[in-house]
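Presented below is the structure to which this report refers.
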């Protein structure tokens, strides 16, 4: 392989490290430990693979003589014993010890958590609650930078997996059980997460967002999330509020401070402040909101949100204006 091709290969591999969910782009101590472990495993695997390839090449290129006798002495048995059993055992033991030592970077039980969140996996979205404030939101988790966060994980239906490689490793959500993780974000940023366990038709569209804020910004965000829904700002939003809070939407969704008390779908009290809709499927803007209200199954087949084609264009604009104003 020419030098130019090698350089292109190195550049291609390096660019893959900056993907939104790269395991080597760590932003916290747990993810950094897992990143180091990943590189150790990659390098160790590459070395072992290289040695095996060299030995295979040497064996293929070797020209045995026609009168060569088969060596059946005890000395000849050392090669398969040492190369096939002892050396692999030593390598695997060393990698096991490295993986155990990497777990020492995890936040421990005795450390005080700044905030406790409960995350419930649904097909196919994430329900999130704070443990003490009563705030509820969906598919978007804000955390304070530099502080330990405890996340309690449950499932409402099937097995899901909570994975945000820039901050933590994977952990499953098991029906009837509660798992816990503790994480720390080192720096402000927006980090993508994903369900990493196949859970049905829309498994690929079951994403979530972790937003790491400065502590004072986080406290302001949390205080705003504890408030009831903002009142309509104009006549268009008032018309939309009447349709949303007293119509079919209220059967499935809660909007605190209004008659909408549904418990089936995501809490919409502050839906306008979220970055995405439908668990990362759509950007949160007026066009996407209107399309989602009109025919959600066409955008995310299998979703529990039904198509609502009976609304007129003006009614859809009013509903969208109201929902977009819920910050």
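In my numbering, the protein residues as written are 16 to 342. Cβ atoms here follow ideal geometry from the backbone N, Cα and C, with glycine treated the same way.
Between residue 256 and residue 202, what straight-line distance do the alpha-carbon atoms span, to the nearest angstrom? 38 Å
Tell me, which residues are paired with residue 212 by DSSP? Per DSSP, none; premise fails for residue 212.
Taking 8 Å as the limit between beta carbons, can you name the residues of its chain near residue 132, skipping five residues before and five after? 143, 144, 145, 146, 156, 164, 165, 166, 167
Integer-rounded CB distance, given that residue 225 should sit under 8 Å from residue 182: 6 Å
Does residue 310 come out as helix, strand or coil in the three-state DSSP assignment? helix
Quick check on residue 323: does DSSP put it in helix, strand or coil? coil
Per DSSP, what kind of secondary structure is residue 136 in: helix, strand or coil? strand
Mapping DSSP to helix, strand and coil, what is residue 300? coil
Note the first and the last residue of the continuous alpha helix (DSSP H) segment covering residue 55. 44-76
Could you tell me which residues DSSP puts in a beta bridge with residue 194? 168
Beta-carbon separation of residue 301 and residue 315 under 8 Å? no
Outcome for residue 338 when other beta-carbon atoms lying within 10 angstroms are tallied against a minimum of 16: buried
Count the other CB atoms within 10 Å of the CB of residue 328; is the residue buried (16 or more) or exposed (fewer)? exposed
Which residues in the same chain as residue 229 place their Cβ atom closer than 8 Å to its Cβ, once the five residues preceding and following it in sequence are excluded? 159, 160, 203
So for residue 145, helix, strand or coil by DSSP? strand
Around the Cβ of residue 325, are there at least 16 other Cβ atoms within 10 angstroms (buried) or fewer (exposed)? exposed
Who are residue 183's beta bridge partners in DSSP? For residue 183, which the question treats as bridged, DSSP gives no partner whatsoever.
My guess is that residue 139 and residue 218 are in contact by the Cβ rule of under 8 Å, so how many angstroms apart are they, rounded? 7 Å
So residue 335 and residue 323 are supposed to be a Cβ contact under 8 Å. How far apart are they, rounded? Actually they do not touch by this definition, with Cβ atoms about 12 Å apart.
Please classify residue 130 as buried or exposed, where buried requires at least 16 other C-beta atoms within 10 Å of its C-beta. buried
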